[in-house]
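What follows is a set of notes on a single structure, which appears directly below.
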Amino acid sequence: MSGAKRRALGYGRAAAVGCVALVLLVAGVLASWDAAHHIVLAKGREHGTMTVTGCGSEVCTGPYAPSDGAGARSRVSVEKSVAARKGDRFDVVVKPGTDEVVRTGAAGFFHAWVPLGGALVLAALVIGGGLRLTRTAWGAGIAGGALLMAAFIAL
655 MSGAKRRALG YGRAAAVGCV ALVLLVAGVL ASWDAAHHIV LAKGREHGTM
705 TVTGCGSEVC TGPYAPSDGA GARSRVSVEK SVAARKGDRF DVVVKPGTDE
755 VVRTGAAGFF HAWVPLGGAL VLAALVIGGG LRLTRTAWGA GIAGGALLMA
805 AFIAL
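If you use my numbering, the sequence shown corresponds to residues 655 to 809, in order.
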């Protein structure tokens, strides 16, 4: 194979692997942003406290007490996590137009970004193995691992 063909093949491989890493990272951001934007852009939203009264396989439910004088709700639901047990109380923000809430504070913030942490760890493997950018791969892997560890500790 000639040198020009070999270089073109190398550039094509790098572009394909770069696209895979980019797709992983974009998917992680989009999966995280669904819950995270309610926490990051919480100004003007309904804030309060939720008390967990029961948990199903995917969600936990309970009454909601607003902190800003809005109407209380007898039942709201939050995505189930390992840290939500019956009787627990935590600060939440209500998703507009629904009875779904998202946990706020450090625990809620890090929990919302867990998909991005996983995507960073996976992208690190692709970056290191496919693109052979070891320092960048280590940086992405450490950032993803730190985000996952912070979520574990905060919850």
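Cβ coordinates follow ideal geometry from the N, Cα and C atoms, glycine included. It should be emphasised that the depicted structure is a prediction, and the values quoted were computed from it without experimental measurement.
Worksheet item: Per DSSP, T703 is paired with what?
Response: On the sequence shown, residue 703 is found 49 positions in, with the first residue counted as 1. Note: T703 sits in a beta bridge opposite A719 and D745.
Discussion item. Can you find the residues in the same chain that come closer than 6 Å, C-beta to C-beta, to I796, ignoring five residues on each side of it along the sequence?
Written reply: Within the sequence shown, residue 796 is the residue found at index 142, counting from 1. Cβ neighbours of I796 beyond the five flanking positions: none.
Discussion item. Quick check on the DSSP output: the beta strand (DSSP E) that includes R757 runs from which residue to which?
Written reply: Numbered from 1 along the sequence shown, position 103 holds the residue referred to as residue 757. Its beta strand (DSSP E) spans residues E754 to R757.
Discussion item. Taking 6 Å as the limit between beta carbons, can you name the residues of its chain near A791, skipping five residues before and five after?
Written reply: By one-based count along the sequence shown, residue 791 stands at place 137. If we look at A791 and ignore the five residues flanking it on each side, its Cβ neighbours are A778, I781 and G782.
Item to complete: Rank T752, K740, T758 and A738 by C-alpha distance to the C-alpha of V746 and give the top, closest one.
Response: Start at 1 with the first residue of the sequence shown, and residue 746 comes out as number 92. Of the candidates T752, K740, T758 and A738, the one whose C-alpha sits nearest the C-alpha of V746 is T758.
Worksheet entry | For S686, the three-state DSSP class (helix, strand or coil) | Reading the sequence shown from its first residue, position 32 is the one you call residue 686. Three-state DSSP puts S686 in a helix.
Worksheet item: Taking the C-alpha atoms as reference points, what is the distance between A808 and K659?
Response: Sequence index remark: in the sequence shown, residue 808 carries index 154 (1-based). Sequence index remark: in the sequence shown, residue 659 carries index 5 (1-based). Between A808 and K659, the C-alpha separation is close to 52 Å.
Item to complete: Would you grab the beta carbon distance between K740 and G762 for me? Rounded to a whole angstrom, and I think it's under 8 Å.
Response: On the sequence shown, residue 740 is found 86 positions in, with the first residue counted as 1. On the sequence shown, residue 762 is found 108 positions in, with the first residue counted as 1. Not really, about 19 Å apart at Cβ, beyond 8 Å.
Item to complete: Please go through the same chain and pick out, in chain order, the residues whose beta-carbon is closer than 6 Å to the beta-carbon of G798, but skip the five residues on each side of it.
Response: The residue labelled residue 798 in the question sits at position 144 within the sequence shown. So the list reads G771, L774 and V775, once near-sequence residues are dropped.
Discussion item. Could you check whether T703 and R743 sit closer than 7 Å to each other, using their CB atoms as the reference points?
Written reply: Residue numbering aside, residue 743 sits at position 89 when the sequence shown is read from its first letter. Residue numbering aside, residue 703 sits at position 49 when the sequence shown is read from its first letter. Yes, they are a contact pair.
Worksheet item: Going by C-alpha distance, which of G664, M803 and V732 is nearest E712?
Response: Numbered from 1 along the sequence shown, position 58 holds the residue referred to as residue 712. It is V732.
Fill in: K749 versus A724: straight-line alpha-carbon distance, rounded
As a position in the sequence shown, residue 749 is number 95, starting the count at 1. As a position in the sequence shown, residue 724 is number 70, starting the count at 1. Their Cα atoms are separated by approximately 14 Å.
Worksheet item: With burial defined as no fewer than 16 other Cβ atoms inside 10 Å of the residue's Cβ, what is the status of A805: buried or exposed?
Response: Taking the sequence shown and counting its residues from 1, one reaches residue 805 at position 151. With 16 or more Cβ atoms within 10 Å of its Cβ, A805 is classed as buried.
Worksheet item: When you compare each of A766, L785, G664 and A662 to H691 by their alpha carbons, which one comes out closest?
Response: As a first step, residue 691 must be located in the sequence shown, where it is residue number 37. The shortest Cα separation from H691 among A766, L785, G664 and A662 belongs to A766.
Item to complete: Find the nearest neighbour of A760 within the set E754, A794 and L802, judged by alpha-carbon distance.
Response: One-based indexing of the sequence shown puts residue 760 at position 106. Considering only alpha carbons, the answer is L802.
Fill in: Check whether V706 and A738 have beta carbons under 7 Å apart
Within the sequence shown, residue 706 is the residue found at index 52, counting from 1. Within the sequence shown, residue 738 is the residue found at index 84, counting from 1. Contact: yes.
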